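A short worksheet on the structure shown next.
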Ligand SMILES: NC(=O)c1ccc[n+]([C@@H]2O[C@H](COP(=O)([O-])OP(=O)(O)OC[C@H]3O[C@@H](n4cnc5c(N)ncnc54)[C@H](O)[C@@H]3O)[C@@H](O)[C@H]2O)c1
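Numbering (the working numbering), first residue to last: 102 to 552.
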């Protein structure tokens with residue numbers, strides 16, 4: 102697929118649970134096998150009623166992030182695991198067993214739904230082209246669903262998911278986990294209540310990485326051609342690298358861009374009016390664009406916000422983050438918790454908390470490190486609240502989003518990324534692929550965002 106040597110680049114560079122120093126590509130398979138033996142450090146048991154949960158798709162994200170994080174949440178009990186690849190299904194069942202949860206394994210999700218009647222909720226972490234089929238079947242079987250982003254690889258699939266959630270009156274949370282991240286929530290509060298940016302005029306975001314990620318597999322554990330075909334794959338390479346194939350994924354804009362473009366609309370409190378984009382398959386031999394650059398226009402009541410975004414697969418320069426710029430200050434934030442800064446324009450008024458913040462001089466401006474829940478709480482909230490926030494931000498980011506979901510299942514608290522919101526992000530993101538193909542500025546009609 103790539104012009105570079107197809108060295109196995111595991112999904113481990115994804116920021117999640119898997120940033121374990123011990124796991125580099127060299128000892129990778131050995132590492133994964135070892136994980137199956139691990140016991141997860143779980144939270145102290147709470148008084149929450151137990152929930153019976155299943156997961157479909159225990160690959161990189163399903164196993165490393167969602168299964169591991171769910172095991173840390175009191176009262177979440179896995180009773181079933183479904184994956185078409187026995188190699189990874191067994192790995193997940195072993196991990197559960199180590200953690201005192203004996204679950205049944207399935208390759209067919211329909212068989213699982215037919216037999217596991219007691220399920221309260223299902224986590225879907227299969228490739229994007231299967232999300233609509235899997236999520237809708239679970240909703241129709243009366244289960245609440247946590248489904249990974251990108252909601253679907255087609256707008257129609259995403260629309261059908263919204264309709265199924267509405268019709269069945271079951272919860273459908275989509276995995277844009279920044280929406281449950283206290284650092285992002287705190288940043289938004291600072292923008293809204295303390296107006297640290299003044300009037301927001303521009304956003305910038307990027308996800309740069311040095312290579313196109315490719316997944317390998319142990320030859321002894323290959324799926325046979327019939328099984329692959331039955332589940333929509335033409336080869337084992339497609340099964341392991343579905344995100345680079347057009348009929349299986351929406352490409353890098355959906356895979357990575359959807360997380361960050363979701364934040365643009367959320368923080369601007371607006372839907373885009375238009376987008377202009379460029380990109381192509383310039384360096385690798387993948388079906389999807391390996392680099393994309395785009396500029397959105399977000400008309401807001403306060404005026405225009407322009408947001409530029411890029412994904413590169415040839416340089417890791419700067420990593421991944423989002424910057425929000427206003428006439429009084431700018432703020433950079435990332436899911437990488439090491440990244441978080443606020444710059445105040447010299448002409449803007451000082452904030453009370455600046456004296457307590459770590460500062461550095463950058464390009465003639467003072468940069469203040471964002472310390473969530475500590476120095477940057479503008480309203481001087483009681484220490485206990487700040488302390489709670491500090492505890493929360495130590496949790497893995499996917500755990501926070503799963504906790505939000507399980508709390509909604511148990512107590513009816515609001516989902517932080519319900520299907521309708523994620524659908525708007527789908528519309529926003531997919532138009533970029535259309536704009537790259539059309540090589541022109543494309544407009545959004547308000548009705549496109551409505552299901
Ligand atoms: N929220 C995040 O930060 C984040 C990060 C990475 C991936 N993701 C999302 O998670 C999902 C999975 O991505 P991944 O990187 O784990 O992919 P992956 O290829 O590593 O894992 C997918 C798993 O699904 C299984 N599978 C495929 N078809 C199936 C079917 N019909 N029935 C049952 N199992 C099936 C595969 O065998 C594999 O184990 C994608 O939607 C991706 O966009 C989200």
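Glycine included, every Cβ here is placed at the ideal spot set by N, Cα and C.
The structure presented is a predicted model; accordingly, all values stated were derived computationally and were not measured.
| Separation of residue 515 from residue 409, as counted between CA atoms | Start at 1 with the first residue of the chain shown, and residue 409 comes out as number 308. Start at 1 with the first residue of the chain shown, and residue 515 comes out as number 414. Spanning the two alpha carbons is a distance of roughly 30 Å.
| said: For residue 501, tell me which candidate among 157, 284 and 364 has the shortest Cα-Cα distance. | reply: Reading the chain shown from its first residue, position 400 is the one you call residue 501. When only C-alpha atoms are compared, the closest one is 284.
| task | Using a Cβ cut-off of 8 Å (strictly closer), state whether residue 266 contacts chain B. | result | Note that chain B does not occur in the displayed structure, where there is just one protein chain.
| query | Does the region 178-189 come close enough to the region 270-279 that 3 or more CB-CB pairs lie under 8 Å? | reply | no
| said: Beta-carbon within less than 7 Å of residue 107's beta-carbon, same chain only, minus the 5 sequence neighbours each way: which residues are those? | reply: Here residue 107 corresponds to residue number 6 of the chain shown, with the count starting at 1. Below a pLDDT of 50, predicted positions are generally treated as unreliable, and residue 107, at 24, falls in that range; no measurement from the model is reported.
| When DSSP labels each residue in this structure, what does residue 547 get in the three-state scheme? | Stepping through the chain shown from its first residue, residue 547 is reached at position 446. Of the three classes helix, strand and coil, the one that applies to residue 547 here is helix, per DSSP.
| task | Report yes if the C-beta of residue 247 is less than 7 Å from at least one heavy atom of ligand 1; otherwise report no. | result | The residue labelled residue 247 in the question sits at position 146 within the chain shown. Not under cutoff, so the answer is no.
| said: Please list the terminal residues of the continuous beta strand (DSSP E) segment that includes residue 190. | reply: For the purposes of this step, residue 190 is taken as the residue at position 89 of the chain shown. First-last for residue 190: 187-199, but that is the alpha helix (DSSP H), not the beta strand (DSSP E).
| query | What is the DSSP secondary structure of residue 228, counted as helix, strand or coil? | reply | Against the chain shown, residue 228 aligns to sequence position 127. The answer is coil: DSSP assigns residue 228 none of H, G, I, E or B.
| request: Within 10 angstroms of the Cβ of residue 221, are there 16 or more other Cβ atoms? Answer buried if so, exposed if not. | output: If you number the chain shown from 1, residue 221 lands on position 120. Buried is the call here.
| task | Go through its chain and collect everything with a Cβ distance to residue 148's Cβ below 6 Å, but skip five positions before and after it. | result | In the chain shown, the residue the question calls residue 148 occupies position 47. Within the same chain, residue 148 has no close Cβ partners at all.
| query | For residue 383, is the classification buried or exposed, using 16 other Cβ atoms within 10 angstroms of its Cβ as the cut-off for buried? | reply | Locating residue 383 in the chain shown gives position 282, counting from the first residue. With fewer than 16 Cβ atoms within 10 Å of its Cβ, residue 383 is classed as exposed.
| Among residues of its own chain, excluding the 5 on either side of residue 348, which ones have a beta-carbon nearer than 7 Å to its beta-carbon? | Locating residue 348 in the chain shown gives position 247, where the first residue counts as 1. If we look at residue 348 and ignore the five residues flanking it on each side, its Cβ neighbours are 230.
| task | Return helix, strand or coil for residue 131, following the three-state DSSP convention. | result | Indexing the chain shown from 1 puts residue 131 at position 30. Note that residue 131 scores 28 on pLDDT, short of 50, meaning its location in the model is unreliable and no value can be drawn from it.
| request: With hydrogens ignored, establish whether the beta-carbon of residue 555 is closer than 7 Å to any heavy atom of ligand 1. | output: Absent from the model: residue 555. The displayed extent of the chain is 102 to 552, so no value can be given.
| query | Does the Cβ-Cβ distance between residue 217 and residue 178 come in under 8 Å? | reply | Start at 1 with the first residue of the chain shown, and residue 217 comes out as number 116. Start at 1 with the first residue of the chain shown, and residue 178 comes out as number 77. It is not a contact, given that the beta carbons lie outside the stated cut-off.
| query | Which of the three DSSP states, helix, strand or coil, is assigned to residue 263? | reply | Residue mapping note: residue 263 aligns to position 162 of the chain shown, counting from 1. Residue 263 falls in the helix class under three-state DSSP.
| Cα-Cα separation, residue 452 to residue 445 | On the chain shown, position 351 is the one that residue 452 refers to. On the chain shown, position 344 is the one that residue 445 refers to. One C-alpha to the other measures close to 9 Å.
| task | Return the CA-CA distance between residue 326 and residue 350, expressed in angstroms with no decimal places. | result | Here residue 326 refers to the residue found at position 225 of the chain shown. Here residue 350 refers to the residue found at position 249 of the chain shown. When rounded, the distance between both Cα atoms is 21 Å.
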